[in-house]
Amino acid sequence: MDIEAIFEKIISNLGKHGFPAKKVSFPKQSIENFVKKHDYDLTDVLDELHLNKDIYYKINDNQIIFSKTEFNEEKETKEDIDLSKLKNMDPSILKQQAESMMKNMSPEELNEIQRKFENLSSEEKQKIFEMAKNMGLS
């Protein structure tokens with residue numbers, strides 16, 4: 514199998530999972546096994562996929578995340594959310610923006626948000642719930 518056929522197979526599988534509208538992740542091991550089976554190096558294939566097909570990738574633990582847009586490291590590593598910026602926002606606009614952001618998140622990113630929420634103190638969680646209630650979101 515030539516490199517173009519490998520690209521097309523990967524792109525086809527990405528498409529079945531919502532790409533390019535969404536970031537899509539696959540187990541690193543399965544992609545690595547697939548390219549090795551055809552005598553290619555994983556990093557070489559991913560780099561060529563980026564250069565030739567304009568598909569970005571990021572390797573996280575045991576996953577490879579594919580995106581049609583560049584990964585924003587600052588956004589992805591930001592620990593704090595400034596809730597004061599949300600205070601005067603129209604609830605319907607806030608809801609639309611949140612839904613839009615979540616549609617484009619990988620399962621790993623959604624899990625990270627859930628993990629961060631679970632690690633908040635009871636007081637912090639209550640503050641978020643109160644803000645949502647005051648904005649008519651609950």
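Mapping the sequence shown onto my numbering, position 77 (from 1) lands on 590, and the numbers just tick up by one.
Note that CB positions come from ideal geometry on N, CA and C, so glycine has one too.
Next on the checklist: Quick check on the burial criterion: 16 or more other C-beta atoms within 10 angstroms. Buried or exposed for Ile626?
Outcome noted: What you label residue 626 is simply residue 113 of the sequence shown in a count that begins at 1. Ile626 is exposed by the Cβ-count criterion.
Checklist entry - Do the CB positions of Glu464 and Ile516 come within less than 8 Å of each other? => result The question about residue 464 has no answer, for the chain in this structure spans 514 to 651.
Next on the checklist: Using 8 Å as the cut-off, can you tell me whether the stretch 611 to 628 makes contact with the stretch 543 to 554, which would need three or more C-beta pairs spanning the two stretches below that distance?
Outcome noted: no
Next on the checklist: If I follow the unbroken beta strand (DSSP E) through Asn573, where does it start and stop?
Outcome noted: Looking up residue 573 in the sequence shown gives position 60. From DSSP, the beta strand (DSSP E) with Asn573 extends over 569 to 573.
Item to check | Phe532 - DSSP class collapsed to helix/strand/coil | outcome: Here residue 532 corresponds to residue number 19 of the sequence shown, with the count starting at 1. The answer is coil: DSSP assigns Phe532 none of H, G, I, E or B.
Checklist entry - Three or more beta-carbon pairs under 8 Å between the stretch 536 to 543 and the stretch 565 to 585, yes or no? => result yes
Next on the checklist: In whole angstroms, give me the CA-to-CA distance for Thr556 and Lys571.
Outcome noted: Here residue 556 refers to the residue found at position 43 of the sequence shown. Here residue 571 refers to the residue found at position 58 of the sequence shown. Rounded to the nearest angstrom, the two C-alpha atoms are 11 Å apart.
Checklist entry - Looking at C-alpha atoms only, which residue of Glu643, Lys616, Ala611, Ile641 is the closest neighbour of Pro533? => result Working through the sequence shown from its first residue, we reach residue 533 at position 20. Comparing Cα positions, the closest option is Lys616.
Next on the checklist: I need the DSSP call for Ser543, collapsed to helix, strand or coil.
Outcome noted: What you label residue 543 is simply residue 30 of the sequence shown in a count that begins at 1. Helix at Ser543.
Checklist entry - Which residues in the same chain have their Cβ closer than 6 Å to the Cβ of Lys646, if we skip the five residues on either side of it in sequence? => result On the sequence shown, residue 646 is found 133 positions in, with the first residue counted as 1. Hits under 6 Å: none found.
Checklist entry - Would the beta-carbon of Phe520 fall within 8 Å of that of Lys550? => result Position 7 of the sequence shown holds residue 520. Position 37 of the sequence shown holds residue 550. No, these two residues do not count as a Cβ contact at 8 Å.
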